[in-house]
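First the structure, in the form of structure tokens, and then the observations on it.
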Amino acid sequence: MAKLDILIAPDRRLKTKAKPVGQVDDRVRKLMDDMLETMYAAPGIGLAAPQVGVLERVLVIDCTGKDEDNNPVRMVNPEILWQSDTLNSYEEGCLSLPEQFAEVTRPDACRVRYLDENNRAVEMSCDGLLATCVQHEIDHLNGVLFVDHLSALKRNIIMRKLAKWKKAQDEA
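Structural data, given as structure tokens:
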């Protein structure tokens, strides 16, 4: 496994819609393993392939707590089949927008279909934090960042803070 570089907004690749994967093979499985290593090291609870510069519909998620064993979910070509009418707000962050957070309102539950690491079709019902994470990562596959769900004012404030953060990193 290898730790990958995470793209930082405003990289144009983060705004590009990812292409479907034809089949889950060893190359895709290695990508998912590398993405998990990268996500855990960051640390984060989700990572989409576009965030590491791969414009394919692949994501990994692990919403387990700090005191629990890892339980990663690997998704290829995920699609949301259903979303609840009930909404919930979570303070979201993103590995591609380091140290930036905002309340985002999304459906509280969803049902998703995807291919797993063995190329098998899987359907999964999600609620709470897992539903938020799945929707957040699928947004990445569609070129959407969590800040795109905010007002222009809030989005601009976060992007200015991110620019200052990047400048400080470059100077360090």
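Note that our numbering has the sequence shown beginning at 147, numbered continuously upward.
Beta carbons: idealized from backbone N, C-alpha and C, even for Gly.
Treat the numbers as computed from the prediction; the structure is a model and nothing was measured.
Q. Got a sec? Which residues, its chain only, sit under 6 Å from alanine 187 by beta carbon, not counting five neighbours each side?
A. Lys149
**Q.** glutamate 238, buried or exposed, once every other Cβ within 10 Å from all chains shown has been counted against 16
**A.** buried
(Q) So, with DSSP's three-state summary, where would you put lysine 165? (A) strand
Q: Mind checking who cysteine 272 pairs with in its DSSP beta bridge?
A: Cys256
Q: Name, in chain order, the residues that DSSP records as bridge partners for threonine 251.
A: Ser235
Q) Under three-state DSSP, which class holds glutamate 202? A) strand
Q. Could you give the C-beta distance for leucine 243 and isoleucine 304, rounded to a whole number, given that I count them as a contact under 8 Å?
A. 7 Å
(Q) Please classify glutamate 283 as buried or exposed, where buried requires at least 16 neighbouring CB atoms within 10 angstroms. (A) buried
Q: Give the secondary structure of alanine 277 by DSSP, where H, G and I count as helix, E and B as strand, and everything else as coil.
A: helix
Q: Please report the residue range of the alpha helix (DSSP H) in which glutamine 229 lies.
A: Careful: glutamine 229 lies outside any alpha helix (DSSP H), inside the beta strand (DSSP E) at 219-229.
(Q) Under DSSP, the alpha helix (DSSP H) around alanine 188 begins and ends at which residues? (A) From DSSP, alanine 188 is part of no alpha helix (DSSP H); its letter is neither H nor E.
Q: Go ahead and pull the three-state DSSP assignment for glutamate 317.
A: helix
(Q) Just list the residues that DSSP pairs cysteine 240 with in beta bridges. (A) Leu243
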